[in-house]
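Notes follow once the structure below has been shown.
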Amino acid sequence: MKILVIHGPNLNVLGKRDKAIYGDKALAEIDSLLKKRAETLKAEVMTFQSNSEGTLVDFIQEQSDSADGIIINPGALTHYGYSLRDALADTRLPVVEVHLSNIYAREEWRAKSVIAPIARGQISGLGWRGYIAALESLIAELKGADEKKIKK
Ligand code: DQA
Numbered sequence: 013m014k015i016l017v018i019h020g021p022n023l024n025v026l027g028k029r030d031k032a033i034y035g036d037k038a039l040a041e042i043d044s045l046l047k048k049r050a051e052t053l054k055a056e057v058m059t060f061q062s063n064s065e066g067t068l069v070d071f072i073q074e075q076s077d078s079a080d081g082i083i084i085n086p087g088a089l090t091h092y093g094y095s096l097r098d099a100l101a102d103t104r105l106p107v108v109e110v111h112l113s114n115i116y117a118r119e120e121w122r123a124k125s126v127i128a129p130i131a132r133g134q135i136s137g138l139g140w141r142g143y144i145a146a147l148e149s150l151i152a153e154l155k156g157a158d159e160k161k162i163k164k
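Heads up, this note's numbering is the position in the sequence shown plus 12, with the first residue counted as 1.
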């Protein structure tokens, strides 16, 4: 099972950005935690970051055929990235949208996501742990984890 973890604009400078909002972990640390968690869940994670929407669309088009699901923090493209949204929808893969900060508790313009309507779900405001929660949930869903398996 392969999950694409995609980070949009400005997430390459995590750790230097406002730490009170985005936390103090660098993107490489988050990616490494995700890869470790995926390993224990017997899944593979491929990570990618770009500051440019076209490059993100190219990556999604190139990699989606060999992937089972997508976790994406689209950065500010969340709020206006229609070609990113279309590229994600075209994959027909389950997409989980993640935000480090709570986009509903900030400026008004951040509360609208053009990605959310085509996403399986969204996690917002849990910091780097939101990525881990997204990974665990997506893998469980893809493996078909049902209530019985959880109760065991
Ligand atoms: C973000 C929230 C966006 O509004 C912002 O533009 C980002 C990061 C987050 O993870 O909280 O770059 O997606």
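Cβ atoms here follow ideal geometry from the backbone N, Cα and C, with glycine treated the same way.
{"Asked": "On a CA-only basis, which of 41, 31, 136 is nearest residue 84? Give me that one, please.", "Found": "136"}
{"Asked": "Between residue 87 and the rest of its own chain, which residues show a CB-CB distance below 8 Å, the 5 nearest in sequence each way excluded?", "Found": "19, 20, 21, 22, 23"}
{"Asked": "Tell me whether residue 85 counts as near ligand 1, meaning its Cβ is closer than 8 Å to at least one heavy atom of that ligand.", "Found": "yes"}
{"Asked": "Alpha carbon to alpha carbon, what distance is there between residue 61 and residue 69?", "Found": "11 Å"}
{"Asked": "Mind checking who residue 13 pairs with in its DSSP beta bridge?", "Found": "Looking at the DSSP assignment, residue 13 forms no beta bridge with any residue, so it has no partner."}
{"Asked": "Helix, strand or coil for residue 120, going by three-state DSSP, please let me know.", "Found": "helix"}
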